[in-house]
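Q: For the record, in the sequence shown the residue sitting at position 526 is 526 according to the UniProt record's numbering, with numbers rising by one throughout.
Backbone N, C-alpha and C fix where the C-beta goes; we use that ideal spot for every residue, glycine too.
After the structure tokens below, expect a handful of questions from me.
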Amino acid sequence: MYRQGVFALLLLLFTLYPAKPDCRPAEEGQETTLTCTVNTATLACFHIILDWRVNKPTEVITCTSNICGGGYSSRYGFNATINNSGSTLTITNVSRTVPFNMETRWACWPCGNNDREVTACDKLEVYAKPENARCTVRENTAVQGDIESVTVSCSTTKVYPKAKCKIEKRRNEGTFVTINKTPTYNPSQVTGSPVYYRTECSVDVPVAELGEGTHSFRAFIYPDVTDGINLVTATTASPSVTLTLPQTSYTCSTEIIQGYFNGKSAICICSLTPDTYPKGQAQWYKGIETRPEASGRLLDISFDSSNPVQTYTCKGSSVIGESSGLTLITKFAFFEQDIVIIESSTFTIDLCGETNYTNHRIPITCRVPKDKIYPAPIFSASQNGLVFDFPREGDDDTMFYLSQFYPNVDIGGVYQVTCRVINKITGNTQDKGTPVTFRKPPLLPPKITITGKTYQGVNALNRITLAAGYTGDMTCRVDGGYPKAHTTQLTCGSLTVTGEDVATLTFQDGQLTKNMDGIECKCTSEHASGCYDNKETSLKIDVI
1 MYRQGVFALL LLLFTLYPAK PDCRPAEEGQ ETTLTCTVNT ATLACFHIIL
51 DWRVNKPTEV ITCTSNICGG GYSSRYGFNA TINNSGSTLT ITNVSRTVPF
101 NMETRWACWP CGNNDREVTA CDKLEVYAKP ENARCTVREN TAVQGDIESV
151 TVSCSTTKVY PKAKCKIEKR RNEGTFVTIN KTPTYNPSQV TGSPVYYRTE
201 CSVDVPVAEL GEGTHSFRAF IYPDVTDGIN LVTATTASPS VTLTLPQTSY
251 TCSTEIIQGY FNGKSAICIC SLTPDTYPKG QAQWYKGIET RPEASGRLLD
301 ISFDSSNPVQ TYTCKGSSVI GESSGLTLIT KFAFFEQDIV IIESSTFTID
351 LCGETNYTNH RIPITCRVPK DKIYPAPIFS ASQNGLVFDF PREGDDDTMF
401 YLSQFYPNVD IGGVYQVTCR VINKITGNTQ DKGTPVTFRK PPLLPPKITI
451 TGKTYQGVNA LNRITLAAGY TGDMTCRVDG GYPKAHTTQL TCGSLTVTGE
501 DVATLTFQDG QLTKNMDGIE CKCTSEHASG CYDNKETSLK IDVI
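Here it is in structure tokens:
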């Protein structure tokens, strides 16, 4: 019962005092409608009479039962209808002058309502849409070719009431978002009646808030009435503004060959490209840090044998951000003069027969200091101009690049052995040569020659018959080998002669007697290599 009583009371109050009216803004020169909500079935009068009024008690139109007319209706186009729920007024031409200023309070007076009026609209908001709305974008530059901020300015030549502006931005054809800054307004009144306004509005946006990309702008310029922004369409601001992250390039004082600096030092300058907008600054980085060797745009670098390959980045930065930059890998290619060293435990090598040749091979080493050449060089070797060790990379020790090679020699003599070192990047070469003596013993035993016959080696068949009293020469000769054999000695009994590679024994008259029958003559020789193993020849003489 209690709840039913409360509900009845609320219904009675709503009937006598309707809710606060809600009327939409009306465009000047256009049609609009107002509604007066009242339950005409409850009115205590024989004929239902309802007056539409403004500025009490000015009567606009009167409705009796279901007929409406009178007042301003016939001349100024006011029409009304009435039904059980109230009345609807149609204004065909909203005006602020004729027949009166309609920007006022509107109400209706139902008969039998204890002289109480019913408000249809506390104040009708009359508006005129903006005319000649336009927006422009200005780039604000402190220095020519640079930009600090963007000013979006909008204007309209005629609007009522004063205009409001909502200015939006978007990046790279994305979604428009409102610029979170209060516009600056500059309204002025247009001469004449009724009142209209010229309105200018603008907003300044620092480029740091825009960031990289192409930025476009638009604005809603609308009369300052309820939901006025929904009464207009957006006005595009032009032109768009394109901002770029600072792009960079670099130049170096030293020629670059296959990614290497030709030399031991270089100076490189990091610069912004001309199309960078807004301007910024260029800087060298190593990792995420600036470097002592990099003073802003200038990078002064030298070869460091402990860290021969280093990476730097030429980056640009501005108020809108930082570019990823360009990478510079610093490698140096150089070859200082007169640095090749050629060495061996001995430069005299003995070639002692095919069997022992390998065991007697002695390497010749060619080396260059690491701090005098980079990158690691190519080595080759030649003897008397003929390459015997083809180009190849050398070995690496703490302080040197080096290569060992073995001359390919089978004939004794003095050879000019040359080491060639090549910088594989620059192509520069250096040769270092040295004479190397290869000693090789004679291949055959000494030769004993007598009476035009020659004998070699130790052989029982080496016999000759001579008559007692023979006169003539017996010669012992050693052929071949390098250098020539030395200390060649020829002995026949008590007769001995010595020479270098040739020894000659002359038999005088009466020296060769029958008592010397069966005598053995021997010829021996020596060689500097110390490995002349086949160094003896013998000959037996039969004396008759």
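1) Considering only their Cβ atoms, is the gap separating N55 from T97 smaller than 7 Å?
2) Leaving out five residues before and five after L89 in sequence, what residues of the same chain have Cβ atoms less than 6 Å from its Cβ?
3) So, with DSSP's three-state summary, where would you put N534?
4) According to DSSP, which residues form a beta bridge with D542?
5) Beta-carbon of K447 versus every beta-carbon of chain B: anything under 7 Å?
6) Give every residue of the same chain whose Cβ lies closer than 6 Å to the Cβ of S403, excluding the five residues on either side of it in the sequence, and list them in chain order.
7) Should N172 go down as buried or exposed, given a rule of 16 or more other Cβ atoms within 10 Å for buried?
8) To the nearest angstrom, report how far apart T276 and L243 are at their CA atoms.
9) With DSSP as the reference, please indicate the residues paired to C111 in a beta bridge.
10) From D517, A128 and C492, pick the residue whose C-alpha is nearest to that of T506; which is it?
11) State whether the stretch 409 to 423 contacts the stretch 448 to 466, with contact taken as three or more CB pairs (one from each stretch) at a distance under 8 Å.
12) Leaving out the 5 sequence neighbours to the left and right, which residues in its chain are closer than 6 Å to C154 when beta-carbon positions are compared?
13) Of the choices F438, Q337, N140 and P445, whose alpha-carbon is the least far from that of V502?
14) Can you give me the C-alpha to C-alpha distance between E59 and P194, rounded to a whole angstrom?
15) Where T488 and L512 are concerned, what is the direct C-alpha to C-alpha distance, given to the nearest angstrom?
16) Could you tell me whether the stretch 67 to 87 touches the stretch 29 to 48, where touching means 3 or more Cβ pairs closer than 8 Å?
17) Using only CA atoms, which one of D350, V368 and Q383 lies nearest to Y401?
18) Determine the direct distance from the alpha carbon of V417 to that of V436, and round the result to whole angstroms.
19) Let's test the definition: count the other Cβ atoms within 10 Å of the Cβ of Y197 and tell me whether it reaches 16, buried, or not, exposed.
20) With E86 and T40 assumed to form a contact (beta carbons below 8 Å), what rounded beta-carbon distance in angstroms separates them?
21) Using a Cβ-Cβ cutoff of less than 7 Å, which residues in the same chain neighbour E255 once the five nearest sequence positions on both sides are dropped?
22) Rounded to whole angstroms, what is the Cα-Cα separation between D410 and L351?
23) From M399 to S538, what does the alpha carbon distance come to, in whole angstroms?
24) Please report the residue range of the alpha helix (DSSP H) in which Y76 lies.
25) From what residue to what residue does the alpha helix (DSSP H) around V207 run?
26) When you compare only the Cα positions, how much space is there between D479 and T524?
27) Quick check on the DSSP output: the beta strand (DSSP E) that includes T330 runs from which residue to which?
A: From the atom records:
1) no
2) L34, W52 and A80
3) coil
4) Beta-bridge annotation (DSSP): D542 is paired with T465.
5) Judged by its chain identifiers, the structure shown contains no chain B, having just a single protein chain.
6) The residues are C366, F379 and G394.
7) Counting Cβ neighbours within 10 Å, N172 comes out exposed, since fewer than 16 surround it.
8) 8 Å
9) Answer by DSSP bridge pairing: none, since C111 is not bridged.
10) C492
11) The answer is no - the stretch 448 to 466 does not touch the stretch 409 to 423, with fewer than three Cβ pairs under 8 Å.
12) Cβ-Cβ distances below 6 Å link C154 to C135, C165, C201, A219 and I221 in the same chain, with the five nearest sequence neighbours on each side left out; the list follows chain order.
13) P445
14) 23 Å
15) In a straight line, the C-alpha of T488 is about 22 Å away from that of L512.
16) yes
17) Proximity to Y401 across D350, V368 and Q383 peaks at V368, based on C-alpha coordinates.
18) 7 Å
19) buried
20) It should be noted that the sequence gives Gly, not Glu, for residue 86. The beta-carbon distance between G86 and T40, rounded to whole angstroms, is 7 Å. This is short enough to meet the 8 Å contact definition.
21) Within the same chain, E255 has close Cβ partners N262.
22) 7 Å
23) 58 Å
24) Counting along the chain, Y76 sits inside the alpha helix (DSSP H) bounded by residues S73 to Y76.
25) V207 to L210
26) Cα to Cα, D479 sits roughly 13 Å from T524.
27) L326 to T330
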